[in-house]
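Numbering (full-length UniProt numbering), first residue to last: 1 to 142.
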C-alpha cells in the first residue's frame, strides 16, 4: 500500500515550496500544528524519498551577464521540475531501501538515530541491518 499524504503533509510541502528556508517553527505557526510534529513529518517525507532536496531560488538580476545566463538555465530546469499540484488524496510510491522493490503492503520499518528506513519484508530489513550494522550502531549511539 503506498503512503497517503494527509493535510499536514500537504501543508508542509506547500509551505516549503514557497520558501525552503523556513524553520520548522515558522511552518508550525503557519499551519497551526506543533513544531515537533512538523519536524517529524518533514523527516518522514525525506526518509520515504518524497523530499529529495530544498533548492535555492536565485535572483539572476544580481549577477553579471555571463554568470546570470548560466544560472538562469539551471533555475529554469529546477522550476520545470517543481510545478506539481498537491492534494490530500495523493499516494507516494514507496520502494524497499534494500532491494528497491515496491512496498506493496504496510512497510516494515527500521528506526535508528534520526532515520527511518522502509522495507518490503522482514528479510530485507534483516539483510539491511546485517549489511549496515556498523553504521546503524554508530548512529544509534549518538
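Cβ coordinates follow ideal geometry from the N, Cα and C atoms, glycine included.
Name the residue from the options whose alpha carbon lies nearest to the alpha carbon of residue i.
i: residue 32; options: 15, 19 and 47; result: 15
i: residue 124; options: 103, 3, 23 and 140; result: 103
i: residue 12; options: 111, 27 and 112; result: 27
i: residue 120; options: 138, 45, 133 and 93; result: 93
i: residue 113; options: 38, 133, 126 and 37; result: 133
i: residue 43; options: 128, 56 and 111; result: 111
i: residue 115; options: 127, 39, 130 and 3; result: 39
Could you check if residue i is buried or exposed, using at least 16 other CB atoms within 10 Å of its CB as the buried criterion?
i: residue 25; result: exposed
i: residue 34; result: exposed
i: residue 117; result: buried
i: residue 29; result: exposed
i: residue 56; result: exposed
Could you give the distance in angstroms between the alpha-carbon of residue i and the alpha-carbon of residue j?
i: residue 54; j: residue 20; result: 6 Å
i: residue 98; j: residue 52; result: 18 Å
i: residue 5; j: residue 135; result: 30 Å
i: residue 49; j: residue 141; result: 25 Å
i: residue 36; j: residue 127; result: 31 Å
i: residue 122; j: residue 3; result: 18 Å
i: residue 109; j: residue 138; result: 19 Å
If you measure from the beta carbon of residue i to each beta carbon in chain C, is any gap under 8 Å?
i: residue 48; result: Of the chains in the structure shown, none is chain C; there is only one protein chain.
For residue i, which residues does DSSP report across the bridge?
i: residue 102; result: 95
Next on the checklist: Could you tell me which whole alpha helix (DSSP H) segments of length 4 or greater appear in the stretch 10-59?
Outcome noted: Complete alpha helix (DSSP H) runs here, min 4: 24-31 and 35-47.
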